[in-house]
Every structure is written in C-alpha cells, then in structure tokens.
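Working notes, beginning with the structure itself.
As structure tokens, this is what we get:
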C-alpha cells in the first residue's frame, strides 16, 4: 500500500539518521546495504522490492478494526460480512509488532477462546507505572 511504501522509506531514512550520529561512530563501519548510492524514495523502494524478506513473521493480512481497511471486528474476531467465521491468528494484527509475534498471537487466541465460550473479560486493574523524572 502507499502507507507501507511511506513507512519503508521512513524506516531506511531513520536508520541512516541514527547510524550517522556521533555516538554511533565506533559502531559504524559504513553503510553496507542498500548503500549510499540509494538515496531517492524511488531507489529505496526499488531496493526494498528486490532485497526485503518476511523474516517468517507473517501478520496483518486480515487486520482487525472498524475502518474501511479492516477485515475482522476487534470485539468478536469475526470477519466483516461473513457469518460464523472468526480469524484467530497473527493476521488480525493491525500493525506488525516490534518483537516476535508468538506472545501477542497467544493473547489473541486466549481472547478468542473466551469469546467463543462466552466468558466476560476480567475487570481492568489500574496501577501506577514508573516514569523517570528529570
């Protein structure tokens, strides 16, 4: 999608920005891939199309949500417009997680099991969270 393309370009530019900071000098042996000769958005996207891989964490192909791009309802995990069909795997993630998808996939499965069995969710517990004060 157009958003995917924007995010790829932003990711490459952000990684380059981080690696060219003074604090990274001792770790930076120079850009290997895609290479400094790849600089325009079009060149970056061409490199992405040629060299990117899945890393075996496929997800987000049946996104849950209520907007026009979503496939699965977030409250029921049922496919919009299809009776009796739920999706219970990593494909319902709206965005790729920042880590391995195993734990969030288990959370989706546990939630789906509760939905199917008619169990009510536990009451939320609100706790203070740590925030560093300067």
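Numbering (this note's numbering), first residue to last: 4 to 137.
All residues carry an ideal CB built from backbone N, CA and C; glycine is no exception.
Fair warning: this is a prediction, and the values are worked out from it, not measured in the lab.
Exercise. For residue 27, count neighbouring Cβ atoms within 10 angstroms of its own Cβ and tell me buried if that reaches 16, exposed if not.
Key: Burial state of residue 27 is exposed, judged by a 10 Å Cβ sphere holding fewer than 16 other Cβ atoms.
Quiz item: Could you give the distance in angstroms between the alpha-carbon of residue 136 and the alpha-carbon of residue 129?
Solution: Going by the C-alpha atoms only, they are around 21 Å apart.
Quiz prompt | Host alpha helix (DSSP H) of residue 31 (start-end) | solution = First-last for residue 31: undefined, no H or E at that position.
Practice problem: Give a yes or no on contact between the region 19 to 36 and the region 68 to 82, applying the rule of three or more CB pairs nearer than 8 Å. | Solution: No: fewer than three Cβ pairs fall under 8 Å.
Quiz prompt | For residue 138, the first and last residue of its enclosing alpha helix (DSSP H) | solution = With the chain covering only 4 through 137, there is no way to say anything about residue 138.
Practice problem: Mind the definition here: the region 75 to 85 touches the region 42 to 51 only if three or more C-beta pairs lie below 8 Å; say whether that holds. | Solution: No: fewer than three Cβ pairs fall under 8 Å.
Quiz item: With DSSP run on the structure shown, which of helix, strand or coil describes residue 81?
Solution: Under the three-state reduction of DSSP output, residue 81 falls in the strand class.
Quiz item: Considering only C-alpha positions, which residue in the set 122, 120, 62 is nearest to residue 108?
Solution: Looking at the Cα atoms, 62 is the closest of the given residues.
Self-check item: Minimum C-alpha distance to residue 118 - residue among 52, 88, 102, 106
Solution: Measuring C-alpha to C-alpha distances from residue 118 to each of 52, 88, 102, 106 identifies 88 as the nearest.
Exercise. Compute the Euclidean distance between the alpha carbons of residue 84 and residue 21, then round it to the nearest angstrom.
Key: Take the alpha-carbon of residue 84 and the one of residue 21: they are about 44 Å apart.
Quiz item: Where residue 7 and residue 120 are concerned, what is the direct C-alpha to C-alpha distance, given to the nearest angstrom?
Solution: For the pair residue 7 and residue 120, the Cα-to-Cα distance works out to about 36 Å.
Practice problem: Express the C-alpha separation of residue 115 and residue 79 in angstroms, rounding to a whole number. | Solution: If you take the alpha carbons of residue 79 and residue 115, they lie about 8 Å apart.
Quiz item: From residue 52 to residue 4, what does the alpha carbon distance come to, in whole angstroms?
Solution: Roughly 13 Å separates the two Cα atoms.
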